[in-house]
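Take a look at the structure below.
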Amino acid sequence: MFRSHRKLALAIGISDYERNIRLPNTINDARDMSSKLGDIGFIIDEPKLNLTYENMKDILGKFTDSIRQGDMVLIYFAGHGTQWEDQNFLIPKDDGEIQDTNIHEQAVHLQKFLENIDSRHPFATIILLDCCRTYYLRSEPLIKATARSLNSNTSNPIGLKEMIVKAGMLIAYACAPGTIANDVPNERNGLFTKHLLEHIGTPNKDIRMVVANVTNGVKAESRWKQIPHLTTNLSAENVYLFELSPGKY
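If you're matching positions, the sequence shown starts at 839 in the numbering used here and goes up one per residue.
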């Protein structure tokens, strides 16, 4: 029997970082993704742009509280992300004082956020992470040993770590775990988001196939320099973000 699920989404884009590399595409990415998700029936507010840590924590908390059991949930993030001690963090705009010793208090701990979402018992949770750009995390030992400069007191830039996903969850990364890929000059959107926007509105297509099409497009356009990565534990046979006629969920 056909069963409709309420579709709830959040889009975040952060560009104007205080300390690290400014990202030219992320604001357009979040705006365009928010518009596209609204077009295909998601309940979504205006995109949340250039958030401080306190803003981000508040918005993510309120969004999580709004989730009802059985909802289809989608979160899109474009900005800086990094890993530290096998944990992933989404970096807010006010990153001037973030370093390895305080990152848990000044950036969004992604695994904990996903645990909070899972506790609301949604039907499916789709996480789209366009945040494998170069991010230099300040290291306290290096800060003490060297002069304060971007290259002398920072860790080597690495991408996000692959996360274990619970039942009903899918995470799509803009590039493979542990790798980075920066924005494309003279383009409106980052490469991953460009192809997401092309495919995410395809009606009656399972999200896993949507991501497969996105991956193929990104690989081809980047000449295999950027390879998106998918981790999924969706239990339903078909999960459609945009369903025009009754079908399987």
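Glycine is no exception: its CB is placed at the ideal position from the N, C-alpha and C atoms.
Exercise. Apart from the five residues on each side of it in sequence, which residues of its chain come closer than 7 Å, Cβ to Cβ, to aspartate 1044?
Worked result: Asn1076, Val1077 and Tyr1078, listed in sequence order.
Problem set entry | Residue range of the alpha helix (DSSP H) that includes phenylalanine 901 | Run containing phenylalanine 901: 891 to 904, per the alpha helix (DSSP H) assignment.
Exercise. Under a Cβ-count criterion, where at least 16 other Cβ atoms within 10 Å of its own Cβ denotes burial, should histidine 1033 be classed as buried or exposed?
Worked result: Under this definition histidine 1033 is a buried residue.
Exercise. Any idea if tryptophan 922 is buried or exposed, counting beta-carbon neighbours within 10 angstroms, 16 or more meaning buried?
Worked result: With 16 or more other Cβ atoms within 10 Å, it is buried.
Problem set entry | Beta-carbon proximity check, arginine 1026 vs asparagine 866, cutoff 8 Å | The answer is yes: Cβ separation under 8 Å.
Problem set entry | Contacting residues, own chain, Cβ-Cβ under 7 Å from leucine 898 (five flanking each side not counted) | For leucine 898, where only same-chain residues beyond five positions count, the Cβ hits under 7 Å are Val946 and Phe951.
Exercise. Is asparagine 888 helix, strand or coil by DSSP?
Worked result: Three-state result, asparagine 888: coil.
Problem set entry | Residue nearest to alanine 1012 in terms of C-alpha spacing, selected from Asp909, Leu998 and Ile1002 | Out of Asp909, Leu998 and Ile1002, Leu998 has the C-alpha closest to the C-alpha of alanine 1012.
Problem set entry | Whole-angstrom distance between methionine 1007 and leucine 846, CA atom to CA atom | So the alpha carbons of these two residues sit roughly 14 Å apart.
Exercise. Which whole-angstrom value describes the C-beta separation of leucine 967 and phenylalanine 927, a residue pair presumed to lie in contact below a C-beta threshold of 8 Å?
Worked result: Their Cβ separation, rounded to whole angstroms, is 12 Å, which puts leucine 967 and phenylalanine 927 out of contact at 8 Å.
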